[in-house]
Structures are given as structure tokens and as C-alpha cells.
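**Student:** Provided herewith is a single structure, encoded as C-alpha cells, for subsequent inquiry.
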Amino acid sequence: MSSSFAPLGKVEDRRAPIHLLRELTMPIVLVAVIIYLVYGLVTMTVPGNAAFPGPRFFPLIIVIAMTILVILQTITAVRDWRSGDLVELGEDEDQRRQSGLVVEAGTSSRMDVPSLLWIIGSFLAFAVTLEILGWIIAAALLFWGVARGFGSRTPLKDLVIGLTVSSIAYIGFDMLLGLSLPSGILGWGF
Amino acid sequence: MDSLASLIDGFGHVLSIQNLLWVVIGCFLGTAVGVMPGLGSSMAVALLLPVTFALEPTAALIMFSGIYFGGLFGDSTMAILLNTPGQASSIASTFEGYKMAQNGRAPQALATAAIGAFIGGMIASVVVTFLAPWLAEFSSQFGPAEFFALALFAFVATSSVVTDSAIKGLLALVLGLAIAVIGIDGVSGAPRFTLGSPLLFDGISIVTVTVGMLALGEVIYMGVIARKTDEGEMLRPKGRPWLSGKEFREALPAWLRGTAIGLPFGVIPAGGSEIPTFLAYGAEKKLDSRRPDPQFGTGAIRGLAAPEAAGNSTTGMAMGALLALGLPISATAAVILAAFRMFGLQPGPLLFVNRPDLVWALMASFFVAMIVLLAINLPFAMLWAKLLLIPKPYLYAGITMFCGLGIYASSSSIADLIVLLVIGVLAFLMRTFDYPLAPLIIGMVLGPLAEYSLRDAMQSADGDASVLVSSPIAIGLYVVLLLVLGLTIRAKLAGRAGARA
Numbered sequence: 001m002s003s004s005f006a007p008l009g010k011v012e013d014r015r016a017p018i019h020l021l022r023e024l025t026m027p028i029v030l031v032a033v034i035i036y037l038v039y040g041l042v043t044m045t046v047p048g049n050a051a052f053p054g055p056r057f058f059p060l061i062i063v064i065a066m067t068i069l070v071i072l073q074t075i076t077a078v079r080d081w082r083s084g085d086l087v088e089l090g091e092d093e094d095q096r097r098q099s100g101l102v103v104e105a106g107t108s109s110r111m112d113v114p115s116l117l118w119i120i121g122s123f124l125a126f127a128v129t130l131e132i133l134g135w136i137i138a139a140a141l142l143f144w145g146v147a148r149g150f151g152s153r154t155p156l157k158d159l160v161i162g163l164t165v166s167s168i169a170y171i172g173f174d175m176l177l178g179l180s181l182p183s184g185i186l187g188w189g190f
Numbered sequence: 001m002d003s004l005a006s007l008i009d010g011f012g013h014v015l016s017i018q019n020l021l022w023v024v025i026g027c028f029l030g031t032a033v034g035v036m037p038g039l040g041s042s043m044a045v046a047l048l049l050p051v052t053f054a055l056e057p058t059a060a061l062i063m064f065s066g067i068y069f070g071g072l073f074g075d076s077t078m079a080i081l082l083n084t085p086g087q088a089s090s091i092a093s094t095f096e097g098y099k100m101a102q103n104g105r106a107p108q109a110l111a112t113a114a115i116g117a118f119i120g121g122m123i124a125s126v127v128v129t130f131l132a133p134w135l136a137e138f139s140s141q142f143g144p145a146e147f148f149a150l151a152l153f154a155f156v157a158t159s160s161v162v163t164d165s166a167i168k169g170l171l172a173l174v175l176g177l178a179i180a181v182i183g184i185d186g187v188s189g190a191p192r193f194t195l196g197s198p199l200l201f202d203g204i205s206i207v208t209v210t211v212g213m214l215a216l217g218e219v220i221y222m223g224v225i226a227r228k229t230d231e232g233e234m235l236r237p238k239g240r241p242w243l244s245g246k247e248f249r250e251a252l253p254a255w256l257r258g259t260a261i262g263l264p265f266g267v268i269p270a271g272g273s274e275i276p277t278f279l280a281y282g283a284e285k286k287l288d289s290r291r292p293d294p295q296f297g298t299g300a301i302r303g304l305a306a307p308e309a310a311g312n313s314t315t316g317m318a319m320g321a322l323l324a325l326g327l328p329i330s331a332t333a334a335v336i337l338a339a340f341r342m343f344g345l346q347p348g349p350l351l352f353v354n355r356p357d358l359v360w361a362l363m364a365s366f367f368v369a370m371i372v373l374l375a376i377n378l379p380f381a382m383l384w385a386k387l388l389l390i391p392k393p394y395l396y397a398g399i400t401m402f403c404g405l406g407i408y409a410s411s412s413s414i415a416d417l418i419v420l421l422v423i424g425v426l427a428f429l430m431r432t433f434d435y436p437l438a439p440l441i442i443g444m445v446l447g448p449l450a451e452y453s454l455r456d457a458m459q460s461a462d463g464d465a466s467v468l469v470s471s472p473i474a475i476g477l478y479v480v481l482l483l484v485l486g487l488t489i490r491a492k493l494a495g496r497a498g499a500r501a
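Note that the protein sequences, when read in sequence, are chains A and B.
Residue numbers for the first sequence follow UniProt numbering, beginning at 1 and rising by one.
Residue numbers for the second sequence follow UniProt numbering, beginning at 1 and rising by one.
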């Protein structure tokens, strides 16, 4: 299993650039959000009769606050990185402080990239194929994919359990509770 | 008393066979999700939110109260048997609870937790019954400026008091506010941040955000990061599942003290029951050290009884604050507020006037839920613990399937499933880099209230911002905010220190 861990530096080497880059993931995402908001603010068509404060007022406050906070967070991250204080992935400082509850999570846990791809990929596939394959088949495949992402290596068993669970959900929620789930290709015969 | 008469009316509603059935189903589902490893009551509420749409509002909300309290009862099972808290509010229960289980007193520990949760919840429900109408009466004097102050109160408290890094908490908050402004502006009718796509005219649904944040994001996080952390062996409970008279007398004062500590936190938007559970634990520990035979550290029954009662009394009171003020104090309460909105209901003073039947039926259902929960948890805690044996891949695969089911069933839209995935990934990143999720959800839920009351207040004063601090109630709220900020920060530090020492 350990071969599936992403190859990252040793724990001691907390000043490698990768650590800073990772810590800046959220600020980068947030900068993208800011750009989207600014673009939206500029292109927004405001009805002429809108009194002050209009529809731009509140979003503008959000953009300003977010920009200031992102800058502050980036400065903090860079400073922590320089002094080697960055917290490791999966290391929860808060929990670590509560007695010896969490066993050195940082050293044993790493971002498991194949798992990430399996979980996200299966959900994406589920979303795209749901209306074609129908709930029972698409959900069973989703079940199998996520179970695989969690380290299960018994595809046949997983699929059978997945089919069972998705069928029960179909019966319970579609037939009994009246929620609408697509029947897809299984529904052609009916 | 008015409240009493209304409450009895409420019992009349709840005690119909059908509604009773929904409470019981809610209690079962809530306990089941709460017991499962890593899943707390917020996940229970988020996952089951879309499913309740098929019901009529009263039945759905009654079922919700069962889920809400059930999650809390279930949380402690994990904490006691596995030393792994389902969510932050059950961390304090692990300290003495797990030691009790290690010493072969697991059934008694489970019983202590269940009775503690029952006492805390019951007393809180009684207080809510009498306090909520009064609070609603008081808040009916609120205008836009006061509601803005209230929203700001919730924003600042949830994003900076409970979190380690105030910057990260505030970033999560503004991100939630940003998600909330997408869609058609309710005041001017201008489409905002929609890229011209009609898909976004209604904005991003609160349900999608909650399920993505609290459920799907958690699944990804568990699979990618946390799965590598080994868990302890589960302790199998054996022996009598009840408390002896001596044990009961020992725990009783701790239950009551815990309840008293928890109550006030139910109306303060400081993130729910994490702080009061630590405070209750710390207080018991201090009292214990004065006894001739200190028991803490060896599985003291009081060290488990107090935080359990505190957690549930906060949760019970939180429902009161939610009903009367429309103010959610934690992520879980915010989800319930979202549930009200889905049915076109707005908690707050008007709800007491417009839908008294629903309000009182809901309050009566709290009492019923507590009794049902005690009945299904006290004797059968060991059976519930069997749920811990579900293999993780299947557990999380099932949850993922359920996320998809809920979102698709509530919107019949593939686009919503894609949005759910994007939000799930965002939640995963936030979890990984220690950004708190609760402020985002509170920001998303209360964002529109904050924006419209701000604009309403300023428009009626011709754009003059000083109107926000012109009424005594608004000024009062800001003063209380500052006070609470100071006090909770101090209390939190003291609670943490007490728990660590």
C-alpha cells in the first residue's frame, strides 16, 4: 500500500518549496474566486432605478474583505514556511493538543492521489451516466469505484453489494417515498 | 401558562400515529449515522435533508428533530468504545469515557452518556418551551438594522471564536457569503455572477452546498488523507447495561452541572457544543481534584456525565434560538434553518404568529424524541455498536451513493450533481488545509439576510450607514457581541487548559 503514497519529502524537510506551494492551494483557489467576482461586478447590468446601496454593494464588500484576508493568509503561510513551522498534511494541530489522542498523523498519512482520482472520477462518471444507465446501475458503479478508492480490492463482491444497496435505495425512495430516480436502460422494458 | 397550553396542543399533533412514526424513524436514522465512525450529527442532518422533501413540512421537521438529537446520542458511542470522537463536541467524552470502557465498564459508560444526553436535552427543552416565545416576542421589535447586527454577530462569533486561525475562519465565511450572492438579486432583479446562464439564476442551492461540504467532502477527506491514521481496537461492551444506585447518585450532580453549563451556549453563536463540553469536563476535573480520592484519569463517571449533558443541553437550546430568532449557532443548526427555508418557512418571531401549530408540534417532538432516544439507546447501545463493524469502503461508498441520491432526487438535475462534486472537492481542500467548514455554511445561510437587511436599512436612510447603530437594541447587540467575544475566548482557553492539564 505504501507505494500508492505520493512521493513527498521527508517530514523533517519542511522548508522544501512543495510545502509552501501546498499551503497556498486555498489562497490560489480564493484568488480565482475573487477574479470571478470582479469580472461579475464589472459586467453586471444594474437596472437604472436601483437605489443606493444597489446589487453591487454587498458583493463589493465581500471582494474587498476576501482580498485583504487572502493577502494576510499568504503572508502568514510564507512566514511559517520560512521558519519551518508549517503543519504537515493531515496533521490536526487542534487534535494533537488534546492529549495523545491522534497518533502522529502527519508522519503516517500522505495525500493518496490514486484514491482521490478514484473517488472523484467515479462520482463524475456517475453524474454523467446517471440518466443513461439509470439509478440502479450507475449507483452500483459509483459504489464500486468509491469502495476501490477506499482500498477495497474485491471488485465482484463490491459490485454485488453496490447493486444490492442501490436496488434497496430505488425501492425505498423511488417506489415507496415517491422521489424520482431515473430508471434508464433498465426501464426500457417497462 | 400560555406556553403550557400551546405545548399540550403540540403534543396532540405529535402524538398522532403518523407523526410519532416520523419521530421514531428520525431517531433511528440519527442514532445510526451518529454511531458510525467519523460521522457526526451534522453529517446525519445534511445527508437526510433532501430525503425529507417528500414529506409535508410538519412531518419533515419533526423527523429532523429526531435526527438532530439522535446524532448526538450516537456520537458518544464511538467516543467511548473507539476513543475516536465523531465530531468536536464528543472529544471531551473520550477522556474518561474510553478509560471507563478500558476498565471493563463500557456498558455503564454508554448508559452514563445516554442518560446524560437525556437529562441535558430534557431540561433544555423545558427551558426552550418557556424562553422561546419570550425571545420571539422580543425579537418582533427587530428591524433591518437589528437583524443585520444579529447576522454580523453570528458571522464574527462562528468564524473567529471557535477556530484556531481567525483568518482562515473569516476566509471560509466570506467564501460562503460569495456563494450566497450568486443568482438573481432579490431587491433589484439584476442577475449576479451567473455568466448569463439560466442554470445559475436561482443561485446555488443550500442543500447542494451542505451535502457537498458536510458529507461528500468528508468522504473524500477520509479516503485520501485520514484513512491512513490507524484507529484503536474497538472495545466490546460486556456486562450489565445499567447503572447501580451508587453510580447513579455519583453521576447525578455532574449531569445537572453539565446541563447548567451547556444551556447559555445554546443562544450564543459560538459554534455549538464544543466549548461547553470542554468547560463541563474542566469543571468536574477541578471538583474531583478536591476530593480525598480523586478519580479522574482512571475512568471517572462524572468526567463523562458532565460533558454529555452539556453537549445536549446546548443543542436543545440551540433549537430555541433557531426557532425564535432564526439564528443558527452551529453548522448543524444552519442546516436545519436551510430545511425550514426549503419549505418556505422563515424561523423567527413571525413563525410563532403564523404557524403556531408547527412550532409547538416541533417543540413537543423534542420531548418525544428524547424519550424515544433514551429507550432505543440505553438498553440497545451494544447493538448500535455493531454498526462500527461495517467495513469502511462500504460505509463511505454507501454515503457517497446517498449524497448523489439526495441531490438528484431534490432537483432532477445533472448540473447539480456536478456542482455537488465541485463543492465536495472544495470542502476536501478546506479540511486538508484546516479551514473550518461551519463559517462557510453559516455565511451561506445567513448571507441573504445580512445583505437585504443591510441594504434595506441603508436605503430607508438614504444611504446613511449610521442608521445601523442608531437603535438601542442594535447597539446592545454590538456590545454583547464584544463581551461574548472576550468571554468565550477566555473560557475556551481555560477549558482547553483544564482538559490538557
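A virtual CB, placed ideally from N, CA and C, is assigned to each residue, including glycine.
1. So if I threshold CB-CB distances at 9 Å, which residues from the segment 423 to 434 of chain B count as touching chain A?
2. Shorter than 7 Å from the beta carbon of aspartate 80(A) to some beta carbon of chain B?
3. Do you know offhand how far glycine 217(B)'s Cα is from valine 224(B)'s?
4. Name the one or two DSSP bridge partners that proline 276(B) has.
5. Within the continuous alpha helix (DSSP H) that includes threonine 259(B), where are the two ends?
6. Run through DSSP, which three-state label would arginine 192(B) get?
7. Say whether chain B places a C-beta atom closer than 7 Å to the C-beta of isoleucine 168(A).
8. Is leucine 110(B) buried or exposed, if buried means 16 or more other CB atoms sit within 10 Å of its CB?
9. From alanine 101(B) to glycine 299(B), what distance separates their C-alpha atoms?
10. When the distance is taken between beta carbons, is methionine 363(B) closer than 7 Å to methionine 122(B)?
11. Can you tell which of Val467(B), Gly424(B), Leu493(B) has the C-alpha that lies nearest to the C-alpha of valine 207(B)?
12. Less than 7 Å between the beta carbons of phenylalanine 60(B) and threonine 52(B), yes or no?
13. Residues in its own chain within less than 6 Å of leucine 20(A) by CB, not counting five upstream and five downstream?
14. Could you give the C-beta distance for alanine 138(A) and threonine 129(A), rounded to a whole number, given that I count them as a contact under 8 Å?
15. How about serine 183(A): is its C-beta nearer than 7 Å to some C-beta of chain B?
16. Over what stretch of residues does the alpha helix (DSSP H) that includes leucine 117(A) continue unbroken?
17. Give me the Cα-Cα distance between glycine 196(B) and serine 412(B), rounded to the nearest whole angstrom.
18. Does DSSP put glycine 424(B) in a helix, a strand or coil?
19. Name, please, each residue of chain A whose Cβ falls closer than 7 Å to the Cβ of residue 516(B).
20. If you measure from the beta carbon of aspartate 464(B) to each beta carbon in chain A, is any gap under 7 Å?
21. Determine the direct distance from the alpha carbon of valine 29(A) to that of valine 126(B), and round the result to whole angstroms.
22. Considering only DSSP beta bridges, list what glycine 183(B) is partnered with.
23. Answer with yes or no whether the minimum CB distance from alanine 32(A) to chain B is below 7 Å.
24. Any chance the segment 43 to 52 of chain A sits against the segment 176 to 190 of chain B, with 3 or more Cβ pairs inside 8 Å?
25. Beta-carbon of leucine 177(A) versus every beta-carbon of chain B: anything under 7 Å?
26. Using beta carbons (cut-off 7 Å, strictly below), is alanine 54(B) in contact with chain A?
27. Taking the alpha-carbon positions, what's the alanine 178(B) to asparagine 83(B) distance?
28. Would you say isoleucine 329(B) and glycine 272(B) are within 7 Å of each other, going by their C-beta atoms?
29. Is valine 51(B) helix, strand or coil by DSSP?
30. State buried or exposed for glutamine 87(B), treating a residue as buried only when at least 16 other CB atoms are found within 10 Å of its CB.
31. Which residue's Cα is closest to the Cα of alanine 151(B): Ser140(B), Thr332(B), Leu454(B)?
32. Determine, using beta carbons only, whether leucine 351(B) and valine 359(B) come nearer to each other than 7 Å.
33. Does the contact criterion of 3 or more C-beta pairs under 8 Å hold for the segment 168 to 182 of chain A versus the segment 392 to 408 of chain B?
34. Report the neighbours of leucine 142(A) on chain B: residues whose CB is nearer than 8 Å to its CB, in chain order.
35. Just to confirm before moving on: does the CB-CB distance between phenylalanine 153(B) and leucine 481(B) stay below 7 Å?
36. Would a check of beta-carbon distances place glutamine 87(B) closer than 7 Å to chain A?
**Tutor:** Let me lay it out:
1. Gly424, Val425, Leu426, Phe428, Leu429, Met430, Thr432, Phe433, Asp434
2. no
3. 11 Å
4. Looking at the DSSP assignment, proline 276(B) forms no beta bridge with any residue, so it has no partner.
5. 245 to 265
6. strand
7. no
8. buried
9. 8 Å
10. no
11. Gly424(B)
12. At residue 60(B) the sequence reads alanine, which differs from the phenylalanine that was named. Yes.
13. Trp81
14. 5 Å
15. no
16. 113 to 133
17. 21 Å
18. helix
19. Any question about residue 516(B) goes unanswered here, given that chain B covers just 1 to 501.
20. no
21. 46 Å
22. Arg192(B)
23. no
24. yes
25. yes
26. yes
27. 38 Å
28. yes
29. helix
30. buried
31. Leu454(B)
32. yes
33. yes
34. Ala397, Thr400, Met401, Gly404
35. yes
36. no
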